[in-house]
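Residue numbers (my numbering): 304 to 464. Built from N, CA and C at the ideal position, the CB exists for glycine as well. So the structure is just underneath, and the comments pick up after that.
Next comes the structure, spelled out in structure tokens:
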């Protein structure tokens, strides 16, 4: 039996296929462009495992890539890559890697690992030193407020906030 696809079906399939990275870009703070695997890059290429081990955040290598929810992350070693693959939620930043204070005020600002805090095993990123200082003055309220606001803005494009 011969199968034919209508032009409308082909166009719909192409749109749905192209929409996957767009959704990831709305819910995750990613670098412009795609990795060799065709996914956007999370955490600006910083190895998320390195942030949790008391060392300065380290830039990962594309040789050690792991994808999670349509976003690629780079790691400094195969060991770090394996740790992430075993439990990605343990290492991913909250709020898709956007600035936690920004989410608290209803915005998706770039999260920077240089301004990070780990609270109860969860990674929170901030856009700059000034915002990080504001967060430190009222950590509990900012985190609670960001969690309350996140469901409202999670799938909203950055430019629409």
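- Going by beta carbons, residue 429 and residue 394 fall outside the 8 Å limit.
- Burial of residue 361 is indicated by the presence of at least 16 other C-beta atoms within 10 angstroms of its C-beta.
- Counting along the chain, residue 445 sits inside no beta strand (DSSP E); it lies in the alpha helix (DSSP H) bounded by residues 442-456.
- No Cβ-Cβ contact shorter than 8 Å links residue 378 with residue 399.
- Taking residue 409 as reference, the option from 453, 359, 434 with the minimal CA-CA separation is 453.
- Scanning 432, 446, 434 for the CA closest to the CA of residue 425 turns up 446.
- Under DSSP, residue 413 shares a beta bridge with 401.
- The straight-line gap separating the alpha-carbon atoms of residue 344 and residue 407 is approximately 24 Å.
- Counting the other Cβ atoms within 10 Å of the Cβ of residue 442 gives fewer than 16, which makes it exposed.
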